[in-house]
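J.:
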Amino acid sequence: MRLSEIHPIVYHTRIAQKRLFRKISDLAPGKNFASEKQDADLAVMCTKHSSLLRRTLGNSDPQLQENKVVNLGIAAPTIDGILIKPGQLFSLWRQVGRTTAEKGYLDGMQLSRGEVAKGVGGGLCQLSNLLHWMVLHTPMTVAERHHHSFDPFPDDNRVLPFGSGCGVFYNYIDLRFYNPTNITFQLRVKVGENHLRGNIFADIAPENTYHIVEKGHRFFRNNGKTWRQNEIWREVIDRRTGNIVREEQLMENLAEVKYELNFEVPECNV
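The sequence shown maps to residues 70 to 339 in the working numbering.
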C-alpha cells in the first residue's frame with residue numbers, strides 16, 4: 070500500500086503536487102489549446118449522443134444524482150460552442166476549471182482509490198464519457214484518457230459498451246483530444262430535463278464515418294475476485310462508398326467487479 074493511501078495529509082499533498090506539475094507542463098511551448106467559442110453551429114453535424122441524467126446506481130444516495138444534474142448544468146456551458154481548430158488540443162479541465170462550492174457545485178458521486186465516494190463537483194464523468202464517445206466518431210485523436218480500474222455498479226439500461234467512458238479529476242486526470250486534420254470541429258453540450266445531450270459539428274464533412282464495436286466481453290473469477298474484460302474496436306467507413314476502410318483496436322479493458330453477480334462466472338487466469 071502506498072504512503073498516500075495511509076495518511077490523508079500525504080494524499081492531499083500529493084494531489085496538490087500533481088496539480089501543480091500539470092499547470093507547469095501546460096506552459097510548455099507548442100501546446101495550442103482550444104479556447105474560442107462560437108454560438109452558431111458549424112455547417113456539418115458529425116455525430117450526436119445523449120445520456121440519461123438520473124440512473125439507479127446500486128444502493129447509492131439518489132440525492133447525489135440530483136446534485137450531479139446541478140453540477141453538469143454548471144460545467145456544460147463552459148464547453149458548449151468551443152471550436153477545435155486544426156492543430157489544437159482540447160482539455161476538459163482547462164474549460165471547466167476547478168469545481169468549487171463557491172461556483173455552485175454540490176457534492177456528487179466520485180470514484181476514488183477503488184471506492185465510491187462523494188465530493189464537490191462529483192458526477193462530471195458523465196460529461197467526459199459523452200465527449201469521449203462522440204470524439205471516437207470523428208477523426209480527432211484522444212491524447213489523454215483515464216479508465217476506471219474497477220466496475221462499481223451493475224448495468225442499468227447500458228447503452229454504450231463497458232469501458233468506453235473515462236474518469237476525470239481536476240486537473241491532472243483529464244480528457245484531452247487533438248485535431249490533426251484541416252477541419253474545424255465544434256462541441257455542443259446541453260443539459261435537458263432528462264438527458265445530457267451533445268453534438269460535434271464541423272465546417273466541412275470528414276471523408277470517413279465511424280462505428281464502435283465491442284469484442285470479447287466476459288466476466289471471470291481469478292484469485293477470489295471477479296473481473297470484467299472486453300475490447301473496444303472502431304470501424305472506419307468511407308463516407309462515399311459505405312465500405313469499411315479499416316478496423317482499429319482502441320482500448321482493452323480489465324476491471325475488478327465490485328458488486329455481486331446473479332449468475333455463475335468461470336474461474337480462469339487474467
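From the three backbone atoms N, C-alpha and C, an ideal C-beta is built for every residue, glycine too. Because the structure is a prediction, the values reported are computed rather than measured.
So who's on the other strand from E316, going by DSSP bridges?
T.: Start at 1 with the first residue of the sequence shown, and residue 316 comes out as number 247. E304, per the DSSP bridge assignment.
J.: On the CB-based measure, 16 or more other CB atoms within 10 Å of its CB, does M70 come out buried or exposed?
T.: Position 1 of the sequence shown, counting from 1, holds the residue named residue 70. Its pLDDT being 47, under 50, M70 is placed unreliably by the model, and nothing is read from it.
J.: Looking at the structure shown, is E321 part of a helix, part of a strand, or coil, going by DSSP?
T.: Here residue 321 refers to the residue found at position 252 of the sequence shown. Three-state DSSP puts E321 in a strand.
J.: Report the option in T310, Y239 and I301 whose CA atom is closest to the CA atom of Q318.
T.: Locating residue 318 in the sequence shown gives position 249, where the first residue counts as 1. For the residues T310, Y239 and I301, the minimum Cα distance to Q318 belongs to I301.
J.: Could you give the DSSP three-state label for M70: helix, strand or coil?
T.: Locating residue 70 in the sequence shown gives position 1, where the first residue counts as 1. Any answer about M70 is weak, because its pLDDT of 47 lies below 50 and its placement is not dependable; what the coordinates show is given next. The answer is coil: DSSP assigns M70 none of H, G, I, E or B.
J.: State the beta-bridge partners of N268 as determined by DSSP.
T.: Position 199 of the sequence shown holds residue 268. DSSP lists K117 and R257 as partners of N268.
J.: For the alpha helix (DSSP H) containing K100, name the first residue and the last one.
T.: As a position in the sequence shown, residue 100 is number 31, starting the count at 1. Per DSSP, K100 belongs to no alpha helix (DSSP H) and is neither H nor E.
J.: Quick one: what's L196 bridged to in DSSP?
T.: Residue 196 sits at position 127 when you count from the first residue of the sequence shown. L196 is not bridged to any residue.
J.: Relative to the C-alpha of H217, which residue among T210, V204, C235 and H201 is closest?
T.: The residue given as residue 217 occupies position 148 in the sequence shown. The shortest Cα separation from H217 among T210, V204, C235 and H201 belongs to C235.
J.: What separation, rounded to the nearest whole angstrom, lies between the Cα atoms of I84 and H215?
T.: Taking the sequence shown and counting its residues from 1, the one referred to as residue 84 is at position 15. Taking the sequence shown and counting its residues from 1, the one referred to as residue 215 is at position 146. Cα to Cα, I84 sits roughly 16 Å from H215.
J.: Please work out which residues of its chain come closer than 6 Å, Cβ to Cβ, to N240, disregarding the five sequence neighbours upstream and downstream, and give them in chain order.
T.: Translated into the one-based positions of the sequence shown, residue 240 becomes position 171. The answer, listed in chain order, is R88, R91 and W162.
J.: For K187, report the span of its beta strand (DSSP E) as first-last.
T.: Walking along the sequence shown from the start, residue 187 turns up at place 118. First-last of the beta strand (DSSP E) with K187: E184 to V189.
J.: If we ignore side chains and look at the alpha-carbon of each, how far apart do A212 and Y247 end up?
T.: Here residue 212 refers to the residue found at position 143 when the sequence shown is read from its first residue. Here residue 247 refers to the residue found at position 178 when the sequence shown is read from its first residue. Their Cα atoms are separated by approximately 6 Å.
J.: Taking the C-alpha atoms as reference points, what is the distance between K154 and P208?
T.: Looking up residue 154 in the sequence shown gives position 85. Looking up residue 208 in the sequence shown gives position 139. Their Cα atoms are separated by approximately 13 Å.
J.: How far does the alpha helix (DSSP H) with G142 in it reach, from first residue to last?
T.: Numbered from 1 along the sequence shown, position 73 holds the residue referred to as residue 142. From DSSP, the alpha helix (DSSP H) with G142 extends over P131 to I148.
J.: Three-state secondary structure (DSSP) at M178?
T.: Counted from its first residue, the sequence shown places residue 178 at position 109. Residue state, collapsed to three classes: strand.
J.: Taking 8 Å as the limit between beta carbons, can you name the residues of its chain near N322, skipping five residues before and five after?
T.: One-based indexing of the sequence shown puts residue 322 at position 253. Once the five neighbours on either side are set aside, the close Cβ partners of N322 are H216, F231, G232, R297, Q298, N299, E300 and I301.
J.: With a threshold of 8 Å on Cβ separation, who are the neighbours of L126 within its own chain once the five nearest residues in sequence on each side are excluded?
T.: Against the sequence shown, residue 126 aligns to sequence position 57. Within the same chain, L126 has close Cβ partners Q134, M178, P221, F222 and D225.
J.: Between which residues of its own chain and I306 is the CB-CB distance below 8 Å, once the five residues before and five after are set aside?
T.: Locating residue 306 in the sequence shown gives position 237, where the first residue counts as 1. Closer than 8 Å at the Cβ level, and outside the excluded window around I306, lie N277, T278, Y279, H280, N312, I313 and V314.
J.: Answer yes or no: do N140 and L175 have a C-beta to C-beta separation smaller than 8 Å?
T.: One-based indexing of the sequence shown puts residue 140 at position 71. One-based indexing of the sequence shown puts residue 175 at position 106. Taking 8 Å as the Cβ cut-off, N140 and L175 qualify as a contacting pair.
J.: With DSSP as the reference, please indicate the residues paired to K294 in a beta bridge.
T.: In the sequence shown, the residue the question calls residue 294 occupies position 225. In DSSP, K294 forms a bridge with N291.
J.: Check H76 in the structure and name its three-state DSSP category.
T.: Here the question's residue 76 lines up with position 7 in the sequence shown. Here H76 sits in coil by DSSP.
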